[in-house]
Every structure is written in C-alpha cells, then in structure tokens.
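One structure is given here, and the rest of the page talks about it.
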Amino acid sequence: MTWQRKGSKKGSSMAESAITLPVVVLLTFAMVNLAMAWYAAVAASNAANYGARVGSVSQVNPAANAVAATQGRLDAISVGTYAISANGGGYRGAQVNVVVDWAVPNYIGSLITYIGGGDQMNFEGTALSTFRQEGW
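Counting with UniProt numbering, you get residues 1 to 136 for the letters of the sequence shown.
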C-alpha cells in the first residue's frame, strides 16, 4: 500500500512555470535571430548571383551594372544591412565578381552585451558570385 501525502500542489505548477518560461522565451528569440540571419544570407547570395549574371551579359561597364542590379534586388529587403562590391569584366571570358557583405543584429547577444558591457554582436557573412562575361 502506498501512502499519499495530503496537501496542495498549487505552488509546484507556479515553480515549474517560473523555471521553464525563461528558457522557452530564450529559445524563441534564438530561433528568430537564426531565421533572420538565414534569410539575410540567402537574400545576399541570390542578389549576388543576379548581379553577377547581369554584369556578365553587359557589354559596357559590367561591374557598375552588376552593382546596380544587386542593389536593386537588396532594396526590397528590410532585414539586415548589406555592402556590395564588384570587379572584373571588360572582355569576353573575363570573370565578373560580385561580393555582398551582410550583417544582422543579434538580439540575444545584444542583451547579454548590454548586461555585461562591451560591443554589440552581429551575425555577419559574405556572399560571392562569379560569372564569366559573355561576348558576341
């Protein structure tokens, strides 16, 4: 025969909630941060590919056309900050390179930095795309 203690269990559910709620909130913010970083990385990669392709089919000033096309794609994106550079081209078969550096704020890291002091932490990355210039 087992004996069961008679008493209230109301306090145990409050304690469990107090322990699990901060963990769930932290994991939710972490997933949102990682999703934003993933979105910025994919957007930068797609924009770099598009810009390099536009530069590869341009017969005049391919690097400037590549930067303009890449910037046009990134203007519609509101997540993150982007820096674009392009080089190459000028003759048939030359490589047209487009580099997009992206950064997204890390809100969890910023909170930890705010509490402990120091610099703000960001998710950062680089997308590179290379196409060969076409010629007629």
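In this text, a Cβ means the ideal position worked out from N, Cα and C, and glycines have one as well. Treat the numbers as computed from the prediction; the structure is a model and nothing was measured.
- Within the region 37 to 124, the runs of alpha helix (DSSP H) at least 4 residues long that lie entirely inside it are, in chain order, 62 to 74 and 107 to 116.
- In this structure Phe123 does not touch Ala94 by the C-beta definition: roughly 33 Å separates them, more than the 8 Å allowed.
- Proximity to Ile77 across Val98, Val42, Val54 and Ala15 peaks at Val42, based on C-alpha coordinates.
- Residue burial is scored here from C-beta neighbours: Ile84 has at least 16 other C-beta atoms within 10 angstroms and is therefore classed as buried.
- Looking only at Ser13, Gly135, Asn65 and Ala44, the smallest Cα-Cα distance to Leu128 is reached by Ala44.
- Exclusion of the five residues before and after Met36 leaves Val79 and Val104 as the residues of its chain whose Cβ lies within less than 6 Å of its Cβ.
- The C-beta distance from Gly125 to Ala86 rounds to 18 Å, too long to meet the 8 Å contact threshold.
- With a threshold of 16 other beta carbon atoms within 10 Å, Pro22 falls short and is exposed.
- The residues Leu26, Phe29, Ala30 and Asn33, in chain order, have a CB closer than 8 Å to that of Ile108 in the same chain once the five nearest residues on each side in sequence are set aside.
- Considering only Glu134, Arg132 and Ala52, the residue with the shortest C-alpha distance to Gly72 is Ala52.
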